[in-house]
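Protein chains in written order, with our numbering: chain A, 134 to 531; chain B, 134 to 531.
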């Protein structure tokens, strides 16, 4: 597992290797961090991964509050990292800025959309990095790059000063190489209170079946070790409608919001968009409200089904991604198939607004795969504490 | 479905057709009830279903408080009903007092141990009746006789003035022909507060698989109708160790307590005991504490696994009994097999101290089968309210 230099990794947006010193001392003193280039830093244009976006937007006049909070806690900003254009994609490809290299599996995609933040952390260019996660944009690159990653409860961490994608799903998450730093950043950014997450483990059967057999095979003994902490997992099926319906419903509701957030700019600026991103925006534009309506209803049903199970501290557990990162040679059809299978699982936390932590739990075909833990809304700190215990029993970096 | 006279049903203990008038007016005014003959009524010997018990115990000097509460709420006591000897059996057989007739399926056992209370209600000899439920002694005869029945949360209703079987499992439950009266008795007997039970449905897969195929087939469409109230049920597996382990662990912990409660009397009085009951007491005497210890540990594990799922109002749903009542011609081997399969399911609520309501949901081979709803501990009133809604959507007697 080589640690690569930045001239190989290319994690940062060209011209955005900007430095901001710490604004205080605290929990994060001495640590370097980077932020996905959809968060504003005063004095710089936020590119959102697309040159036409950069050209049509002014210099930011204020820094996103979440960045200021990190600077005040002692961390130092060292740059803004690449993102899939407008954060609308999971492979991590960016044809304008160059797709960053996955340091843990250089022949494979890094995962996205927070591809630069993940690769910068994986290559030890920074200690931690901020990303955003709507459909899996922190969880998937964390899984692909062998990192810890968290998607917090929806609304738990401020997205002020960050560009939106699908606001009812958008969250601000982060990556680290150690469990303790994942917690440390959470201590700074998350609301107070530490209601424990000390309930039983719930094995989401659909997600285990959805994973490629070799992924499930590698992660199953990891789950068994975590069971030493909480007893045997209860198997649950949360989507009797079939896991495909999660992808279908999530996709339509997301597309409707994406078009509401970004459609006007797409229609007026007529930007160049890379492959995949272009097609997804065309589909978002074409989304029929008559289809998105049932999707929103499904979201309410799923929330009513899943959230009460987690109220007293139960934890969902399942493979973060159904497969390791696709090879860079994967064509559009394979990428689409991976996307559908992936969102079928990431949509659980996205649709229900739940916090999810992914642990760098295993390797398949020489590439990392993550194991996810999901808790009830607002139980982020308790979930992080449990993730630390789980990492410990798994012998992962603490 | 014939309503039978008492001279056919034989629900009451010979000589215990005792009457006590209402002691007030209230929710239950004008209603007749009976109590299983393990509850004391001042001035009468409580037989506990066995003539040697009756011969070796004095006349009760006080009435069980739960009976007084019902009298004060306006109900009138009309007699004491038959029980399996010392409440230690599920078929409802009593060779000393005569096995009461199941009015809904006269060729079959009535179910027990609260056999007289169930049959008295089923035959309309009373409006409701008290039973006790340790391993299923209300739930099973309710299922077999086509009645509503409730096993409350452990400790929710006083068992003062009632003889014990296995105190950490013993509860005071009741039977009715209508959902509203099941609720009405609960309004009088249960602690106040009505935290709603408004969470998702959890289909306990092991119990559905354990049920005979024809039972699952009849009850599955009933569950689907209840899903109209709460959305699609989540499938859960709560016993990865296998459902047989529920029976095995429950049986040993129960046996240890049974012997602690009744062993001294058995050893000193050397009573005559009927078939089945005799063998169970011999097994209880022989129970090795080294076996019951793991059973107690298993109970704690199961509680930690199941209770948090129900904290926010989720409801377990499964067939109350895996089969309709066995035919009266069933031999000991068949009875033992039915008992093991039955307790594998009833032990869920028993081991976890949870309230369970059974609804008279269907008929198989011309005999009734119940559908059970189980809620978190202490949520009895909310569970009863939900059971009413479920009965309504199923078109059952309200």
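Each residue gets a CB set at the ideal place from its N, CA and C atoms; glycine is no exception.
Note that this is a predicted model, so its numbers are computed, not measured.
Going by DSSP, residue 460/A is part of no alpha helix (DSSP H) at all; its letter is neither H nor E.
Chain-ordered, the chain A residues with CB closer than 9 Å to the CB of residue 332/B read 437, 438, 440, 441, 442 and 444.
Counting every other CB atom within 10 Å of its CB across the protein chains shown gives residue 531/B a total below 16, marking it as exposed. Using a Cβ distance threshold of 7 Å, residue 278/A and residue 235/A count as a contacting pair. Residue 189/A counts as exposed, since fewer than 16 other beta carbons sit within 10 angstroms of its beta carbon. Taking C-beta atoms under 8 Å as the contact rule, residue 359/B and residue 450/B qualify, at a distance of about 7 Å. Contact of residue 368/B with chain A by beta-carbon distance below 9 Å involves 338, 368, 369, 370, 371 and 373. Boundaries of the alpha helix (DSSP H) around residue 313/B: 312-322.
Within the segment 404-437 of chain B, contact with chain A at the beta-carbon level (separation under 8 Å) is assigned to 434 and 437.
In terms of Cα proximity to residue 391/A, the closest of 303/A, 238/A, 404/A and 503/A is 303/A. DSSP places residue 426/A in the helix class (H, G or I) of the three-state scheme. Sequence-distant partners of residue 275/B (beyond 5 residues in either direction) whose C-beta falls short of 8 Å from its own C-beta, in its chain, are 244, 251, 281, 282, 308, 453, 491, 493 and 503. Counting only unbroken stretches of 4 or more residues, the alpha helix (DSSP H) elements lying wholly within the segment 192-258 of chain A are 198-205 and 248-255, in sequence order. Between residue 180/A and residue 173/A, the CB-CB gap reaches or exceeds 7 Å. Three or more Cβ pairs closer than 8 Å define a contact, and the segment 343-363 of chain B falls short of that threshold against the segment 288-302 of chain B.
In this structure, residue 332/A lies away from residue 486/A, with their beta-carbon atoms at least 7 Å apart. In this structure, residue 389/A places its C-beta atom within 7 Å of the C-beta atom of residue 425/A. Per DSSP, residue 367/B is one residue of the beta strand (DSSP E) stretching across 367-370. Comparing alpha-carbon positions, the option among 314/A, 480/A, 408/A and 499/A lying closest to residue 505/A turns out to be 480/A. Within its own chain, the residues whose Cβ lies closer than 8 Å to the Cβ of residue 156/A, once the five positions on either side in sequence are excluded, are 201, 204 and 205, listed in chain order. Around residue 428/A, the same chain offers 382, 385 and 386 as residues with beta carbons nearer than 6 Å, after the five sequence neighbours per side are excluded.
Taking the Cα of residue 208/A as reference, the smallest distance to any Cα among 412/A, 153/A, 416/A and 265/A is reached at 153/A. Just measuring C-alpha positions, the residue of 405/A, 225/A, 264/A and 395/A sitting nearest residue 168/A is 264/A.
Going by C-alpha positions, residue 211/B is about 6 Å away from residue 166/B. Within chain A, the residues whose beta carbon sits less than 8 Å from that of residue 364/B are 434, 437 and 438, listed in sequence order. In its own chain, leaving out the 5 sequence neighbours on each side, no residue places its CB closer than 6 Å to the CB of residue 354/A. Taking the beta carbon of residue 447/B as reference, the chain A residues within 7 Å of it are 441 and 442, listed in sequence order. Of the residues assessed, residue 403/A falls on the exposed side of the cut-off, its CB having fewer than 16 other CB atoms within 10 angstroms. As the crow flies, the alpha-carbon of residue 176/A is around 27 Å from that of residue 289/A. Secondary structure note for residue 169/A: its beta strand (DSSP E) is the uninterrupted segment 165-169. Residue 266/A carries a strand assignment under DSSP once its states are collapsed to helix, strand and coil. Residue 359/B sits in a helix when the DSSP states are folded into three classes. One alpha carbon belongs to residue 340/A, the other to residue 408/B, and they sit about 50 Å apart. If you look at residue 399/A, you'll find it in the alpha helix (DSSP H) that goes 376-402. Proximity to residue 375/B across 363/B, 400/B and 342/B peaks at 342/B, based on C-alpha coordinates.
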